[in-house]
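Mapping to the working numbering: the sequence shown position 47 is 51, numbers consecutive. A virtual CB, placed ideally from N, CA and C, is assigned to each residue, including glycine.
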Amino acid sequence: MLKHAKASLLSLILIAILAGSVGALPQLVGDLDADYVVGFKDLRMFAWQWLDPACLVVDCTADMDGVDGVSMGDFALLAKNWQIVDPHIIISEFMARNSSTLLDGNGESSDWIEIHNPTDTIVNLDGWYLTDSDADLTKWQFPNGLQIKPGEFLIVFASQKTFEENPLNYPYLDSAGYYHTNFELDKDGDYLALVGPDGNSIAHEYAPKFPIQLTDISYGLAQNAMMLVPTGATASYHVPASGDAGLGTGWTDVGFDDSTWDTGPTSIGFGDIGGSTGTILREYWTGITGQSVSDLTGNSNYPDNPSGSSEPTSFEAPTGWSDNYGTRMHGFLYPPASGLYTFWIASDDNSELWLSTDVNPANKSMIASVPSWTDSREWNKFSSQRSTSITLDGGQRYYIEALHKEGAGGDNLAVTWSFGQPIEGQYLSPWTGSWVATDVQDDMFGVNASLWTRIEFILEEGDVGAFDTLMLRMKYEDGFVAYLNGQYIAKGNAPGSLSWNSTALSDRPNEDSSVFEDINLNDFLGTLQSGKNVLAIHGLNDNKNNSEFLILPELVAARNRVVPEYFTTATPGTFNITGAIGVVSDVWINTKRTFYTGPPDWHIDLILSNGTDGAEIRYTLDGSRPTIINGLIYNPVTDLPIEIDKTTVIRAVAVKPGWLDSAVETNTYIFPGDILDQPAFPYGFPMTWGGTTADYEMDPCVVNNPLYAGTLKNDLKAIPTMSLVMDLDDLFDSGTGIYANPYAEGIAWERPCSIELIHPDGSEGFHLDCGIRIYGGVGRREKKKTLRLLFKSIYGPPKLRYPLFGEDASGEFDTIILRANFNDGYVWGGAESQYIRDEYVRQLQLALGHPSTHGTFVHLYINGLYWGLYNPTERPQASFAANYFGGKKEDWDALNSAAPTGDSTTDTWYAMLNLVRQGLTTNEAYQRLQGKNPDGTPNPAYVDYLDVENYIDYMLVNFFTGNRDWPGHNWYAAMNRVDPSGWKCFSWDAEWVVGMRSGLYENRTGVGNSLSEPYSYLRDNAEFRLLFADHAHRAFHNGGLLYVDPDNPNWDQSRPERNRPAALYSELADSIERAMVAESARWGDVQSSLPYTLTQWQSERDWVLQSYMPERSDIVLDQLRNASLYPTNVDAPVFNINGSYQHGGQVSAGDELAMINPNGSGNIY
């Protein structure tokens, strides 16, 4: 090709790109690669064939006009249709991180894909495919017989339901009628395509892959739906008479004068369209967290996609039904007589009662509410539960609605009126989706079966031609014929020819009128015009004396866009709304979080930047979340660096109109010298926390003490740091702050926050956003509170993925408890405080070979203020059990002091106790409890209810430490109910141990309640007692975990093997010794006028090591003997290698093992 010819083609290409879109042709010329859109792929194909104007290449698709090969005329055709989409079925929307937006028929929040048919023809999906792999276009095939009607949407869940797992139900169909693919969507971005029946033609794809997906935010093609005629639109209506016969259909024209007609809002009709009395409709939405009605009404599934429904016979929902769901009970109320009525509502949790002035829901107003919770039928707890006196007319119907949101715990909902009990079904009828806003009974009944209606709407000039989808939605009883601007467009149950007094073809069932019938009007898009438009409906009853009639139209137009967007409000099953073009890239900060110990006049210069063109950076320094309207603006081009010269938290976000905000970057910069001067009343922090005087100060008595003044800066770096950053109102506001309302529990008292882990040596920590709650029981009253972090996709990553507790622990966590050490801390324990007792007991259980909750120690900061020494630990809930024992967390039940956690049940727990209470003396009963035959072999017909090995070591740990605040509470247990291996017990909150309210001679072998009830029965079984003795012998002898050398029991740090329990305690104490200096400065004075200091802590530690540990093992062993859990007159054999004592360890080939009976007589087995 000549050089000047190439230049001409480039110019034409640029012209084509800038040409924009024009109306789609019936057959899309220019779509050379048959992907339903004229785009760059077609332009590339065209360019290759342009190189041979004679069109000698095979399959010369670019010769679109069939004249002179590939020429400028063909290019003009391609340019005319540039970026035009040929109507075809598309993947209009999908969600790859579904938390609660839409539940499948199994009640699970699986990924979902929405297919839309914007064409005017039915599409048969026989042989069509969905795939997430461009290398396997036929990965999942639609079932035969599945169709998508014009304008219809089809939801398919992507939940990896494979043929291998579901051979008798494939493609997998759930109980709600949803099909499931054999693949899941990758939230980090993946390929997704809809493939035609030939297995090769791609009808629609997201390629090479869609971008990273966000929780409960969908992605797809914006459709810009516009409701041209909504429900409630004003209509002009007229019952025609014989004199109107001459009009024909002239009354449907735009210019027809209807000024003498009556007007009223749609729907128009008469009769009992609402259904018969006796019940009320109850709809429910499961899997929605929160305790506020707004959590229900703000969910994208509300109101059109309930999880299910029922029709109670009174205005009362079931009690004790479930957790984390929302309810709407609604329908029509029939007062028995005219007069004044008062209404009450009761519920757990939040609820609202709404009543309309008539049958129209649009005229409803809230008349009563429950702000928090009540017991069942507790009508008078709050004044807001009672309405004012309301005048109602007997014989009339009124729309009534109760909205209810349940979090966790007990649940109930009921509505009563002046008669005292929940409103009975005889005064109610269920909502059917239809009602009459304009009653025309007096005009029509017995006069004519026909009604003419006209509804005007206005289109701006720019709207005409912008739509590519038009849909009429009709509820009707019994028939209709529709016209748009004088042109016939649709009909239902109507005769072929009409007159002024025509009737419907039949009496349509009432239940059909409660559902919109969707009618595709794409062929009539050209009928729309700028300015005034008229939708005219000829309504038809089946005869003039039928007592029921309804006409309710909606007209919807939409425009499909080629460019995909994010949708913060997902719309599965209906038109998408305007979304976001993309996600703004994260803010980059030149200096990451760390400690700074430079000269007094030293500072850090922070530079913020972002890679998205046109984005604006906003930042805050008060802990609040920056947004497009909150925070200071930072311009990396014109602004100087941000100077940081003291402990500071900075939060930064990048925003751009039409885009989703970037993730919020949070960095904490700690100046240890600045922390030492932490004042009693820091700027911006409140002086009280609810009714409690606030406490912030680092005590000068410790900070300035010569023993510590020179070490404190380094003591703040003796262990890792966690920095908690959040909006101060979420902590301290008197009405909504969790620290100011410490006894408030549940998800309603969960707040968003940022958490950072900062290592003093500069090694990699982590940062993520999560939820936070106050945690614990009595300890909530103290100023230093235990906190719980919850990792959820609504805040950030759904799990913390970091080896927080080392290589031996799981690296994934749903939740972390930040233990303040209530009983074993200065807020309660005073001079006996050690801060490590609970951690010590949990590590004993781990060292005995059983999973238990791992822990560590950190300095905690809140919005830059030092908050003290904390003990992050795992929480032994269902996900914990699944991590360490296997299986799915949904299969595990976990109990916290006998109360189920999360979605756990207590069925197997009480089944186990029922077996126990029948007695365990016999070997048959003992083995049956463990799912075994009397001879100890497994019996598949039995359930293994108790992990006895775990249970013995768990009890042993609590006996040794003398746990006095147990077993009535302070314990966890878990069991897999799907693949049972027995209940397993975990130590928790063991602080009244090892000298704290538990003396040297404390004896706990006589316990028998709560978690120890099985133990009280198991002691009657000889096999159990022998097994317990074996475990005790392993622990107390031969260098076991609780072994103390009888000849050298005193603690000697240079010979830790002589006192194993003291060695573990000493190791823990050493890990926090220097950190205790900072803790004593922060909280040492909380219960004392003079602060407790490191000296006091060291004194208590030394007592434990030097007085408690040398004697405790022998004391507990004697207690076990007295409880018949260890033999009193028989010692275990002794092992010698080559004549010398050796219990385990390495040996050489040929060494001689001798087993010695120390009892003088008897046999060794």
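Contact fails between the segment 623-633 and the segment 698-706, because fewer than three Cβ pairs, one in each stretch, are under 8 Å apart. According to DSSP, residue 537 shares a beta bridge with 461. Residue range 676-680 is occupied by the alpha helix (DSSP H) that includes residue 677. Beta-bridge pairing by DSSP links residue 196 to 210. Residue 721 is classed as buried because its beta carbon has at least 16 other beta carbons within 10 Å across all chains shown. Residue burial annotation: residue 475 is buried, with at least 16 other C-beta atoms found within 10 angstroms of its C-beta. Residue 892 is classed as exposed because its beta carbon has fewer than 16 other beta carbons within 10 Å across all chains shown. Burial state of residue 1097 is buried, judged by a 10 Å Cβ sphere holding 16 or more other Cβ atoms. Counting every other CB atom within 10 Å of its CB across the protein chains shown gives residue 684 a total below 16, marking it as exposed. The DSSP-derived three-state label of residue 734 is helix.
For residue 42, there is no enclosing beta strand (DSSP E), as DSSP marks it with neither H nor E. Under DSSP, residue 671 shares a beta bridge with 654. Sorting 978, 1090, 150, 326 by C-alpha distance to the C-alpha of residue 696 places 1090 at the top.
For residue 269, the uninterrupted beta strand (DSSP E) run begins and ends at 266-269, by DSSP.
For residue 962, the enclosing alpha helix (DSSP H) begins and ends at 952-965. Look at residue 557 here: in three-state DSSP terms it is strand. With fewer than 16 other CB atoms across the displayed protein chains lying within 10 angstroms of its CB, residue 710 is exposed. Between residue 743 and residue 789, the C-beta gap is smaller than 8 Å, which places the two residues in contact. DSSP places residue 352 inside the beta strand (DSSP E), whose first and last residues are 348-352.
441 is the residue among 329, 202, 441 whose C-alpha sits nearest the C-alpha of residue 367. Just so you know, the alpha carbons of residue 319 and residue 331 end up roughly 12 Å apart.
For residue 98, the enclosing beta strand (DSSP E) starts and ends at 94-99.
In this structure residue 623 touches residue 612 by the C-beta definition: roughly 7 Å separates them, less than 8 Å. Contact between residue 596 and residue 526 is absent: CB atoms are separated by about 55 Å, not below the 8 Å threshold.
In terms of Cβ geometry, residue 726 and residue 776 do not form a close pair [threshold 8 Å]. In this structure, the beta-carbon distance from residue 783 to residue 738 does not fall below 8 Å. Non-local beta-carbon contacts of residue 458 in its own chain, meaning distances under 7 Å to residues more than five positions away in sequence, involve 239, 240, 262, 538, 540 in chain order.
Residue ranges of uninterrupted beta strand (DSSP E) with 3 or more members, entirely inside the segment 343-420 and ordered along the chain, are 343-345, 348-352, 355-360, 368-374, 394-396, 402-410, 416-420.
Sixteen is the threshold: when 16 or more other Cβ atoms of the shown chains lie within 10 Å of the Cβ of residue 123, as they do, the residue is buried. One thing to note: residue 864 has its Cβ within 8 Å of the Cβ of residue 728. For residue 1129 and residue 955, the gap between their C-alpha atoms comes out near 14 Å.
Only residues of its own chain outside the window of five on either side were considered, and among them 963, 964 have a CB closer than 7 Å to the CB of residue 1120, listed in chain order. For residue 313, the enclosing beta strand (DSSP E) starts and ends at 312-314.
Counting every other CB atom within 10 Å of its CB across the protein chains shown gives residue 1156 a total below 16, marking it as exposed.
By the neighbour-count criterion, in which a residue is buried when 16 or more other Cβ atoms sit within 10 angstroms of its Cβ, residue 908 is buried.
Setting aside the 5 residues that flank it on each side, residue 1060 is surrounded in the same chain by 1066, 1067, 1070, each with a C-beta closer than 8 Å to its C-beta; the list follows chain order.
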